[in-house]
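Enquirer: By the working numbering, the letter at position 45 of the sequence shown is numbered 38, and the numbering carries on one by one without gaps.
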Amino acid sequence: MPPASLELVDVRPYLPRAVYEIRYATADNFTGKRLYPVARCFLARAVAERLRKVHDDLLKRGYRMKIYDGYRPHGVTKRMWALIGDERYVADPKKGSRHNRGAAIDLTLCDLRGRELPMPSAFDDFSERAHRDYTNASPEAIHHRRILEEAMAARGFSGLATEWWHFDARGWEHYPIRDVGLGMLARRTRISRLRPSPRRPVR
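Here it is in structure tokens:
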């Protein structure tokens, strides 16, 4: 895979119309603690490009994405594992998470006004309601879950059986596990935007 495809990039320029609610940058998550210093979402470049196609598909159908999480530093996975220690919901840090590779995304659906649509459970719900085969939810919630699954699958993303919101990019195993902090990534992104583009020589 070309090095440029592995680079971690800010997702917002790829999905400017998505809604962003980076839960781990707040205390509103299963840990009750703020785990990220900034509310930013990063993914491997090739994954961000693929996700853009999914969002374009959804926009045509009258939906927008709401993004909860993308790249997650390995150190954060260690903190989560210390609290939960259940591989159905948190990756064993010895193996690494697909989030650690910038190759996984947590998301849900909104309407075009940005209003979140019903799903079988809330994000980070560690009960059977979050499972993809859970059927005791409202028909509306099951319908929305199916729309999201089908849209993601059409562009090469596969879902996690125990979390309807989690999707892995095809080929995730080719992306390296990383532990670069989100604060550092955010600073790098800001610096790169401030640098002037090199002038091309006049021919």
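All C-beta atoms in this analysis are idealised placements derived from N, C-alpha and C, irrespective of residue type, glycine included.
With which residues is residue 103 paired in a DSSP beta bridge?
Expert: In the sequence shown, the residue the question calls residue 103 occupies position 110. 57 and 109.
Enquirer: Give the straight-line distance between the Cα atoms of residue 148 and residue 54, rounded to the nearest whole angstrom.
Expert: For this step, residue 148 is matched to residue 155 along the sequence shown. For this step, residue 54 is matched to residue 61 along the sequence shown. Whole-angstrom Cα-Cα distance: 15 angstroms.
Enquirer: Can you tell me whether residue 74 sits near the ligand HEM, meaning its C-beta is under 6 angstroms from at least one heavy atom of the ligand?
Expert: No copy of the ligand HEM occurs in the structure displayed, which carries no ligand at all.
Enquirer: In this structure, how does DSSP classify residue 152 when only helix, strand and coil are distinguished?
Expert: Residue numbering aside, residue 152 sits at position 159 when the sequence shown is read from its first letter. Strand.
Enquirer: Taking Cβ positions, are residue 36 and residue 64 nearer each other than 7 angstroms?
Expert: Reading the sequence shown from its first residue, position 43 is the one you call residue 36. Reading the sequence shown from its first residue, position 71 is the one you call residue 64. Contact flag set, yes.
Enquirer: Report the three-state DSSP secondary structure of residue 75 (helix, strand or coil).
Expert: Here the question's residue 75 lines up with position 82 in the sequence shown. Helix at residue 75.
Enquirer: Do residue 155 and residue 57 have their CB atoms nearer than 7 angstroms?
Expert: As a working note, residue 155 is residue 162 in the sequence shown. As a working note, residue 57 is residue 64 in the sequence shown. Contact flag unset, no.
Enquirer: Rounded to whole angstroms, what is the Cα-Cα separation between residue 179 and residue 28?
Expert: The residue you call residue 179 lines up with position 186 of the sequence shown. The residue you call residue 28 lines up with position 35 of the sequence shown. Cα-Cα distance, rounded: 15 angstroms.
Enquirer: Going straight from the alpha carbon of residue 7 to that of residue 39, what length do you get?
Expert: As a first step, residue 7 is located in the sequence shown; it is residue number 14 there, counting from the start. As a first step, residue 39 is located in the sequence shown; it is residue number 46 there, counting from the start. The alpha-carbon atoms of residue 7 and residue 39 are separated by roughly 11 angstroms.
Enquirer: Specify whether the region 155 to 171 and the region 97 to 112 touch according to this definition: at least 3 beta carbon pairs, one from each stretch, less than 8 angstroms apart.
Expert: yes
Enquirer: Is it right to say residue 51 is buried, meaning 16 or more other beta carbons lie within 10 angstroms of its own, or is it exposed?
Expert: Sequence index remark: in the sequence shown, residue 51 carries index 58 (1-based). The residue is buried, with at least 16 neighbouring Cβ atoms inside 10 Å.
Enquirer: Relative to the C-alpha of residue 142, which candidate in 129, 133, 110 and 125 has its C-alpha closest?
Expert: Locating residue 142 in the sequence shown gives position 149, where the first residue counts as 1. Comparing Cα positions, the closest option is 125.
Enquirer: Does DSSP put residue 31 in a helix, in a strand, or in coil?
Expert: Locating residue 31 in the sequence shown gives position 38, where the first residue counts as 1. Residue state, collapsed to three classes: coil.
Enquirer: Residue 141 lies in the alpha helix (DSSP H); which residues open and close that run?
Expert: For the purposes of this step, residue 141 is identified with residue 148 of the sequence shown, where counting begins at 1. Counting along the chain, the alpha helix (DSSP H) containing residue 141 begins and ends at 132 to 147.
Enquirer: Can you name, in chain order, every residue of its own chain whose Cβ lies under 8 angstroms from the Cβ of residue 77, other than the five neighbours on each side?
Expert: Here residue 77 corresponds to residue number 84 of the sequence shown, with the count starting at 1. Answer for residue 77: 23, 83 and 119, listed in chain order.
Enquirer: DSSP has residue 1 in a bridge; who is on the other side?
Expert: The residue you call residue 1 lines up with position 8 of the sequence shown. Note: residue 1 sits in a beta bridge opposite 37.
Enquirer: For residue 199, is the classification buried or exposed, using 16 other Cβ atoms within 10 angstroms of its Cβ as the cut-off for buried?
Expert: Not covered by the structure: residue 199. The range shown for the chain is -6 to 196.
Enquirer: Are there 16 or more other CB atoms within 10 angstroms of the CB of residue 79, so buried, or fewer, so exposed?
Expert: In the sequence shown, residue 79 corresponds to position 86, counting from 1. Exposed, since its Cβ has fewer than 16 Cβ neighbours within 10 Å.
Enquirer: Under the rule that 16 or more other beta-carbon atoms within 10 Å means buried, what is residue 198, buried or exposed?
Expert: For residue 198 there is no data in the structure shown, the boundaries of the chain being -6 and 196.
Enquirer: Run through the DSSP bridge pairs and tell me what residue 159 is partnered with.
Expert: Along the sequence shown, read from residue 1 onward, the residue named residue 159 stands at position 166. BP columns for residue 159 point to 99.
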